[in-house]
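Undergrad: Each step along the sequence shown adds one to the number in the numbering used here, with nothing skipped, and position 35 is 41.
Got a structure for you, questions after.
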Amino acid sequence: MATIDTDAVVLRTLRYGESDAILALLTPGLGRVSAIAKGARKPTSKQGGRLQPGVRLHATLAEGRGDLMTLRGTQVIDAGAGLWMDGYRLRAAGCVLEAALRVVPEHEEAEAAYNLITRALALIAAAPARDEAPRLDPYVLGTQAKLLAASGLVPHLASCAACGGPPPLEGFSATAGGAVCGACYVGSGAEALEAAAADALVALLARPLAEAPDCLAPGSAQGAERLIALMLREHLGVTLKSGTPL
């Protein structure tokens, strides 16, 4: 079988059989892939500790007959030790990994998404714990917003997404693709639009991920999270378990 050497981030690890594990990996060139790590859960395995979610590694993958690849070897690039320092950072990292798992397509080039996720994990690992829920962490929301953009789903927030009319904009319609004016809002099923949430989302999309904490005014995080969630559900059929129920 042909083998491929690639950098990868472990998104998820599932037990399989008595001693194997099924991994979801994010790679730059192959996008999201699944791979079986045979014997990884044996007490004598050298790979087990390298295959935890959030670990960045260099992997040798063997192609199989179907979509499931076989992990032949690994070398750790970054164990993500900072993510395990406290529960907050661990849960925030989990939100980032879930977003990548649900949004990044399988078997498609995803260098931008790979770089985004590795950057997000590094920022979370180095940042102090915050008072808000981990799902509202600026780096989590910034990552989700930029994954939307990478999927071609940048919300239209400068003018009415339905008729093209200028502000003021009163509602948000994921179906229309963004903010809507008062006339288009009435009877459309759109939600009321909070200006602070819209401003936060615009900033999260436009500014580097490292500046995400500066993008959120007090009280705007939950509104921005909801706008992202509405777009994910409407256009990708994705509801993140780590997010607020819609």
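Note that beta-carbon positions come from the ideal geometry of N, C-alpha and C, so glycine has one too.
All values derive from a computational prediction rather than experimental measurement.
Compute the beta-carbon to beta-carbon distance between Glu-117 and Pro-34, rounded to the nearest angstrom, for a pair I have assumed lies under 8 Å.
TA: 4 Å
Undergrad: Could you check where the alpha helix (DSSP H) with Thr-149 kicks off and where it finishes?
TA: 144 to 156
Undergrad: State the start and end residues of the unbroken beta strand (DSSP E) segment that holds Ala-223.
TA: Where Ala-223 is concerned, there is no enclosing beta strand (DSSP E), given that its DSSP letter is neither H nor E.
Undergrad: Mapping the DSSP letters down to three states, classify Arg-97 as helix, strand or coil.
TA: Helix at Arg-97.
Undergrad: Can you tell me the Cβ-Cβ gap for Glu-112 and Gly-37, rounded? I've got them flagged as a contact below 8 Å.
TA: 6 Å
Undergrad: Beta-carbon within less than 6 Å of Ala-180's beta-carbon, same chain only, minus the 5 sequence neighbours each way: which residues are those?
TA: Excluding the 5 residues flanking it on each side, Ala-180 has same chain C-beta neighbours closer than 6 Å at Leu-236, Met-237, Glu-240, in chain order.
Undergrad: Which same chain residues end up closer than 6 Å to Leu-103 when comparing Cβ atoms and leaving out the 5 residues on each side of it in sequence?
TA: Leu-17, Pro-59
Undergrad: Classify His-113 as helix, strand or coil using the three-state DSSP reduction.
TA: coil
Undergrad: Looking at C-alpha atoms only, which residue of Glu-200, Ala-128, Glu-115 is the closest neighbour of Ile-83?
TA: Ala-128
Undergrad: So within the region 16 to 71, which uninterrupted beta strand (DSSP E) runs reach at least 3 residues, ignoring any that extend past its ends?
TA: Counting only runs of at least 3 residues, the region 16 to 71 fully encloses the following beta strand (DSSP E) elements, listed from N- to C-terminal order: 26 to 33, 37 to 43, 62 to 68.
Undergrad: Run through DSSP, which three-state label would Thr-9 get?
TA: strand
Undergrad: Counting along the chain, where does the beta strand (DSSP E) carrying Asp-84 start and finish?
TA: 74 to 84
Undergrad: So for Leu-199, helix, strand or coil by DSSP?
TA: Here Leu-199 sits in coil by DSSP.
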